[in-house]
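Accompanying notes for the structure given below.
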Amino acid sequence: MDGAQVDEVIMGQVLTAGAGQNPARQAAIKAGLPFSVPAMTLNKVCGSGLKALHLATQAIRCGDAEVIIAGGQENMSLSNYVLPGARTGLRMGHTSMVDTMITDGLWDAFNDYHMGITAENLAQQYDISREAQDQFAALSQQKAIAAIEGGGFVDEITPILIPQRKGEPLSFATDEQPRAGTTAETLGKLKPAFKKDGTVTAGNASSLNDGAAAVMLMSAAKAEQLGLPVLARVAAYANAGVDPAIMGIGPVSATRRCLDKAGWTLDELDLIEANEAFAAQSLSVGKELGLDPQKLNVNGGAIALGHPIGASGCRVLVTLLHEMIRRDAKKGLATLCIGRGPGGCPRAGTLRALATGNQAPAGATSMSTGSGRLISA
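Here our numbering is used: the first residue of the sequence shown is 241, the next is one more, and so on.
Spelled out as structure tokens, the structure:
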């Protein structure tokens with residue numbers, strides 16, 4: 241379709257310090273969209289990529305737009321360090337640089353500690369052992385490797401061509417993060433990362449990654465007019481807030497709210513994609529909601545695939561939709577926790593319907609979808 245038919249681009253990005261004005265607009269223009277298409281960058285920490293879909297859905301349902309590209313992007317490896325106080329001049333003495341990846345993306349501003357401590361809090365509250373966390377993380381790695389080897393991500397990944405000094409460009413089409421051969425035993429040798437006597441390690445937590453994900457949302461009438469196949473229908477979306485000290489439990493409230501809005505039950509869901517910020521966090525959510533492990537993150541999750549924080553909200557949804565197509569599933573849920581306490585989720589079914597949920601200031605987002613190849617709102 242003609243890029244001029246896109247009404248708006250909405251992209252989540254958390255780490256914007258030094259990235260230049262409105263990174264979403266930069267991405268839209270560099271992607272080849274005409275100057276006439278406006279763009280907006282939003283920041284809802286880990287929920288940014290899914291909140292972009294919420295806003296796009298609202299705009300389409302309100303009649304303010306018919307076609308919106310929404311998603312998220314993040315470049316954690318190149319996030320900047322800053323020198324606070326330097327603008328007005330530094331006097332004699334030492335000063336410190338600040339890592340914006342930590343302060344803006346991974347630090348609880350309310351309790352003044354790393355997100356990893358919130359996972360430790362959940363592990364203690366829900367009695368999640370180190371062994372259980374390592375087993376969960378190893379399984380995530382094993383499922384991701386199996387999916388890669390079986391071509392499970394081919395349809396959802398757009399290869400990136402990287403120019404080389406000599407020869408043909410390098411085609412980058414496979415996630416780097418998954419580690420073949422990972423077992424609970426090998427993970428058990430790692431030391432706690434955030435607390436001396438803790439259980440959360442680098443191996444049972446999500447990693448620092450670069451990535452982007454996007455979908456096109458369109459009104460059903462517009463999709464029909466253009467003769468385009470529909471991938472899913474947004475059935476509902478929701479946001480919820482929890483105590484920032486246990487921000488990882490956010491998907492529980494967001495999921496329940498989202499399912500209520502859609503009129504669905506957990507048992508009706510064919511597939512669930514829940515972002516794996518930490519194994520302790522994922523296990524706590526699963527325990528509270530009573531999630532079926534056979535329906536959850538069937539191709540692995542963020543512990544294996546990585547967690548580019550501004551993009552993950554949309555990534556879990558994209559993964560959900562492609563797996564629903566493969567299985568001819570009718571209803572699905574995507575959900576994730578959000579730093580400082582929000583959460584959200586979407587759901588999908590046939591036409592594939594999609595519902596989402598989000599919470600704040602600490603929380604989660606969810607979305608549910610049902611079957612049909614674009615997403616129609």
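Glycine residues also receive a C-beta, built at the ideal position from the N, C-alpha and C atoms.
Since we're looking at a predicted model, the values are computed, not measured.
Ile549 and Cys286 closer than 8 Å at C-beta: Position 309 of the sequence shown holds residue 549. Position 46 of the sequence shown holds residue 286. It is a contact, given that the beta carbons lie within the stated cut-off.
Under 8 Å between C-beta atoms of Gly546 and Ser411: Taking the sequence shown and counting its residues from 1, one reaches residue 546 at position 306. Taking the sequence shown and counting its residues from 1, one reaches residue 411 at position 171. Taking 8 Å as the Cβ cut-off, Gly546 and Ser411 do not qualify as a contacting pair.
field: Under the three-state DSSP convention, the category Met487 falls into
entry: Here residue 487 refers to the residue found at position 247 of the sequence shown. Three-state result, Met487: helix.
field: Three-state secondary structure (DSSP) of Gly356
entry: In the sequence shown, counting from the first residue as 1, residue 356 sits at position 116. Reduced to three states, the DSSP call for Gly356 is helix.
message: With H, G and I counted as helix, E and B as strand and the rest as coil, what does DSSP make of Ile385?
response: As a position in the sequence shown, residue 385 is number 145, starting the count at 1. It is helical.
- prompt: In this structure, does DSSP put Ser447 in helix, strand or coil?
  reply: Start at 1 with the first residue of the sequence shown, and residue 447 comes out as number 207. Looking at Ser447 - three-state DSSP - the assignment turns out to be coil, as it is neither helix nor strand.
message: I want to know whether the region 350 to 370 touches the region 515 to 531 - three or more CB-CB distances under 8 Å.
response: yes
- request: Check whether the Cβ atoms of Gly488 and Ala359 lie closer than 8 Å to each other.
  value: The residue you call residue 488 lines up with position 248 of the sequence shown. The residue you call residue 359 lines up with position 119 of the sequence shown. Result yes, Cβ atoms of Gly488 and Ala359 sit closer than 8 Å.
field: Coil, strand or helix - Asp242 by DSSP
entry: Against the sequence shown, residue 242 aligns to sequence position 2. If DSSP states are grouped into helix, strand and coil, Asp242 belongs with coil.
query: Going by other Cβ atoms of all chains shown within 10 Å of its Cβ, with 16 needed for buried, is Asp568 buried or exposed?
result: The residue given as residue 568 occupies position 328 in the sequence shown. Looking at its Cβ environment, which holds fewer than 16 other Cβ atoms inside 10 Å, Asp568 is exposed.
task: Would you list, in sequence order, the uninterrupted alpha helix (DSSP H) runs of no fewer than 4 residues that lie entirely inside the region 499 to 562?
output: 519 to 529, 542 to 545
message: Quick test of your reading: Glu248 and Ala551, contact by CB under 8 Å. State the CB separation rounded to the nearest angstrom.
response: The residue labelled residue 248 in the question sits at position 8 within the sequence shown. The residue labelled residue 551 in the question sits at position 311 within the sequence shown. Contact flag wrong, Cβ pair sits at about 18 Å.
message: At the level of alpha carbons, what is the spacing between Leu255 and Cys577?
response: By one-based count along the sequence shown, residue 255 stands at place 15. By one-based count along the sequence shown, residue 577 stands at place 337. Taking the straight line joining both Cα atoms gives about 18 Å.
- prompt: Should the region 291 to 305 be called in touch with the region 452 to 459, which here means at least 3 C-beta pairs below 8 Å?
  reply: yes
task: Below 8 Å CB to CB, which residues in the same chain sit around Val338 once its five sequence neighbours on both sides are set aside?
output: One-based indexing of the sequence shown puts residue 338 at position 98. If we look at Val338 and ignore the five residues flanking it on each side, its Cβ neighbours are Tyr321, Val322, Leu323, Pro324.
field: Pair within 8 Å by beta-carbon distance, Val307 and Gln245
entry: In the sequence shown, the residue the question calls residue 307 occupies position 67. In the sequence shown, the residue the question calls residue 245 occupies position 5. Contact flag set, yes.
field: Alpha carbon of Val538 to alpha carbon of Pro491, nearest angstrom
entry: Residue numbering aside, residue 538 sits at position 298 when the sequence shown is read from its first letter. Residue numbering aside, residue 491 sits at position 251 when the sequence shown is read from its first letter. Val538 and Pro491: Cα-Cα distance of roughly 18 Å.
message: Can you list, in chain order, the residues of its chain with a C-beta nearer than 8 Å to that of Ala433? Leave out the 5 residues immediately preceding and following it.
response: The residue labelled residue 433 in the question sits at position 193 within the sequence shown. Contacts found: Gly356, Val440, Thr441, Ala442, Ala445.
query: So what does DSSP say about Lys270, is it helix, strand or coil?
result: Taking the first residue of the sequence shown as 1, we reach residue 270 at position 30. Of the three classes helix, strand and coil, the one that applies to Lys270 here is helix, per DSSP.
Which of helix, strand or coil DSSP assigns to Lys284: As a working mapping, residue 284 is identified with position 44 in the sequence shown. Three-state result, Lys284: strand.
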